[in-house]
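Just so we're aligned, residue 213 is where the sequence shown starts under the numbering used here, counting upward by one. Below: one structure, written as C-alpha cells.
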Amino acid sequence: MLGRFPLPLFLVAGNHDEPGALVDAFGGTGLMGGAHQAYYVAELPGLTVVALDSSVPGEGGGRLGPTQLDWLDTVLARRPGIPAFVCLHHPPLPVGIPFLDGMRLADGDALAQVLLRHTNVARVLAGHVHRPVTAAYAHSTLAIAPSTHLQSGLALREGVPNYLPEPTSFLLHLLAGASWITHTVPVSQAAAPMGGY
Ligand SMILES: [Fe+2]
C-alpha cells in the first residue's frame, strides 16, 4: 500500500512503534532514505528531510539522546543552503495540554541547541498530540500535525483528553516564493461533541 503512494514518503517512528521492526520491514528502502536505522536523512534536490527516532521502548514519552543529536548537527551542516525539515514524533516543547506535555520529548532543549546552530531549518515537524499546533521553536517553526484518525480534545487542564471525531486532517507545507506556508487540510467532515474541552 505504501509503495503505491504517488509521492516520496518517509517513515518516522512513534511511541507505539518498534524501531527494530520498522528497520526489518523498511530498512534499505526509500521509505527510510535507504538507511538501515530508524533515524536517517533523505537529501532531495531542493529539500533535506531528516527523520529522527524519538521513541523510547516501553514509554509514552520521547528522547533523542546525544548520539542522534550529534548526528543531526552533522547532517544539517552538510547542505546549509538547502531548506531542511526535521521530523520527529514527540513535540520538543510543552503545548499547554498537561496530559501530553507529560510525555513530550525529554531533551527538547538539547534539540533546540543543535537547531540554533543552523539557519536552514524550515520546519520542525512532529505528531503525537493528535491536534494541529504551531509554535516558534529554535528560530524555526514547529508544526504538529493533526491526526488522520481521532483528534485529542483541547484539554488545557489536568486529565486525559477525550479523543474526538473532529475532522481528520493532514498538513501541507507549501513553498511559495521564498516562504514556507503550512496549510491544515481536513479530509473528513466529522462533527465533534464539544464536551471534551
Ligand atoms: Fe504518539
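Backbone N, C-alpha and C define an ideal beta-carbon position, used for all residues, glycine too.
Secondary structure of P358, DSSP reduced to three states:
coil
Below 8 Å, can you find three or more Cβ-Cβ pairs linking the segment 302-309 to the segment 342-357?
yes
Taking Cβ positions, are T396 and L383 nearer each other than 8 Å?
yes
Which residues bound the beta strand (DSSP E) around P398?
391-398
Taking just the CA atoms, how far does Y251 sit from R316?
18 Å
If we call anything under 8 Å between Cβ atoms a contact, is D229 one with S266?
no
Do L264 and V235 have their beta-carbon atoms positioned less than 8 Å apart in this structure?
no
Cutoff 6 Å; reference Y409; Cβ partners in own chain excluding five residues on either side:
Its pLDDT being 47, under 50, Y409 is placed unreliably by the model, and nothing is read from it.
What do you reckon, is the C-beta of N227 under 7 Å from a heavy atom of ligand 1?
yes
Helix, strand or coil for A289 per DSSP?
helix
Cα-Cα separation, P220 to L243:
8 Å
Have a look at W283 and V341 and give me their C-alpha separation to the nearest angstrom.
26 Å
In angstroms, rounded to a whole number, what distance separates the CA positions of A338 and F311?
17 Å
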